[in-house]
């Protein structure tokens with residue numbers, strides 16, 4: 021996958037978030053990690069969004085779902101900014117599925133791809149390699 025200069029890359033696993041900006045020019049990637057953003061984790065309570073994944077989700081699963089929703093909301097906000105033209109999401113399949121439920125049309129329009137793998141604890145070189153082979 022080739023990313024434009026300035027593409028925002030979000031790498032998450034439902035518990036933590038790493039953000040990168042691509043400073044390279046096509047076809048080269050130069051991922052620069054940006055400081056952690058402050059996310060306001062929304063607590064959805066016993067809302068219907070959990071019915072499809074499990075009948076009785078435990079606190080850990082609810083926490084991960086809330087975190088995934090918060091990341092999607094953060095990315096929705098970023099997608100509304102003119103400075104952010106493209107967004108790539110890398111997340112484990114379960115988190116990615118939960119995030120998709122919260123994508124707004126503005127985010128969907130700027131989404132250049134999704135990679136359904138957990139790379140949060142991987143090095144920048146591993147993340148770069150995953151993007152290049154996607």
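In the working numbering, the protein residues as written are 21 to 154. All residues carry an ideal CB built from backbone N, CA and C; glycine is no exception.
| Query | Result |
| --- | --- |
| For residue 111, which residues in the same chain have their Cβ closer than 6 Å to its Cβ, ignoring the five residues on either side in sequence? | 32 |
| Which two residues bound the contiguous alpha helix (DSSP H) that contains residue 92? | 79-99 |
| Quick check on DSSP: helix, strand or coil for residue 20? | Coverage of the chain is limited to positions 21 through 154, which leaves residue 20 absent and any answer about it impossible. |
| Which residues mark the beginning and the end of the alpha helix (DSSP H) in which residue 144 is found? | 144-153 |
| Does DSSP put residue 121 in a helix, in a strand, or in coil? | coil |
| I want to know whether the stretch 128-142 touches the stretch 46-57 - three or more CB-CB distances under 8 Å. | no |
| For the beta strand (DSSP E) containing residue 107, list its first residue and its last residue. | 107-111 |
| Quick check: the Cα distance between residue 23 and residue 122, rounded to an integer number of angstroms? | 24 Å |
| Report the residue from 79, 126, 143 whose alpha carbon sits nearest the alpha carbon of residue 101. | 126 |
| Which same chain residues end up closer than 7 Å to residue 35 when comparing Cβ atoms and leaving out the 5 residues on each side of it in sequence? | 84, 87 |
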